[in-house]
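Peer 1: Heads up: the sequence shown begins at 34 in my numbering, then just goes up one per residue. Handing you a structure now.
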Amino acid sequence: MLVTTPTCHQCRFAAADLRGRGIPFEVVDITAAEHTAVAEQVKALGYRQAPVMLVPRELRSERVPAHWSGDRPDLHSELQKAVIDDPFSRSRDHFPATADSGAGGPAPTIHGGTPAWHR
34 MLVTTPTCHQ CRFAAADLRG RGIPFEVVDI TAAEHTAVAE QVKALGYRQA
84 PVMLVPRELR SERVPAHWSG DRPDLHSELQ KAVIDDPFSR SRDHFPATAD
134 SGAGGPAPTI HGGTPAWHR
């Protein structure tokens with residue numbers, strides 16, 4: 034999940050990099066009223082600015098942390114390996130295919146609350 038705000042330039046760079054790598058991801062605008070729970074979660078993790086990437090448990094490893102802030106091509110590369118390059122990975126099931134992800138499908142999925150995989 035890529036946590037963003039409407040005016041965040043780094044968010045656009047991060048999203049473009051994720052798309053370019055073929056990594057499916059969900060976009061959540063934390064300024065929207067329905068995303069208060071995600072905003073609170075991000076603040077509780079200590080982040081004060083977007084973008085913040087929240088990673089499903091199934092994809093975490095020594096190289097892929099649970100979360101990070103900023104446009105991090107180095108971590109995007111490690112996430113790409115976990116999602117795409119590992120032929121045994123079930124990870125594609127954990128990211129919805131959206132137009133924003135570059136994976137086809139409908140417009141970007143925006144959800145409120147905390148995703149079940151991150152609770």
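Using N, Cα and C, we set each Cβ at its ideal position, and we do this for glycine too.
Just to confirm my understanding: we take Arg-96, look at its own chain, exclude 5 residues before and 5 after, and list those with CB closer than 7 Å. What are they?
Peer 2: Position 63 of the sequence shown, counted from the first residue, corresponds to residue 96. Cβ within range, chain order: Glu-111.
Peer 1: What residues in its chain sit with their C-beta under 6 Å from that of Arg-93, if we drop five residues either side in the sequence?
Peer 2: Locating residue 93 in the sequence shown gives position 60, where the first residue counts as 1. Ala-99.
Peer 1: If the criterion is Cβ atoms closer than 9 Å, does the pair Ala-70 and Cys-41 meet it?
Peer 2: As a first step, residue 70 is located in the sequence shown; it is residue number 37 there, counting from the start. As a first step, residue 41 is located in the sequence shown; it is residue number 8 there, counting from the start. Contact flag unset, no.
Peer 1: Comparing C-alpha positions only, which one of Leu-51, Gln-74 and Glu-59 sits nearest to Ile-117?
Peer 2: Position 84 of the sequence shown, counted from the start, is the residue given in the question as residue 117. It is Leu-51.
Peer 1: Going along the chain, which residues of its own chain have a beta-carbon closer than 7 Å to the beta-carbon of Ser-124, five neighbours each way excluded?
Peer 2: The residue labelled residue 124 in the question sits at position 91 within the sequence shown. Caution is warranted here: a pLDDT of 46 is assigned to Ser-124, below 50, making its placement in the model unreliable, and no coordinate value can be reported.
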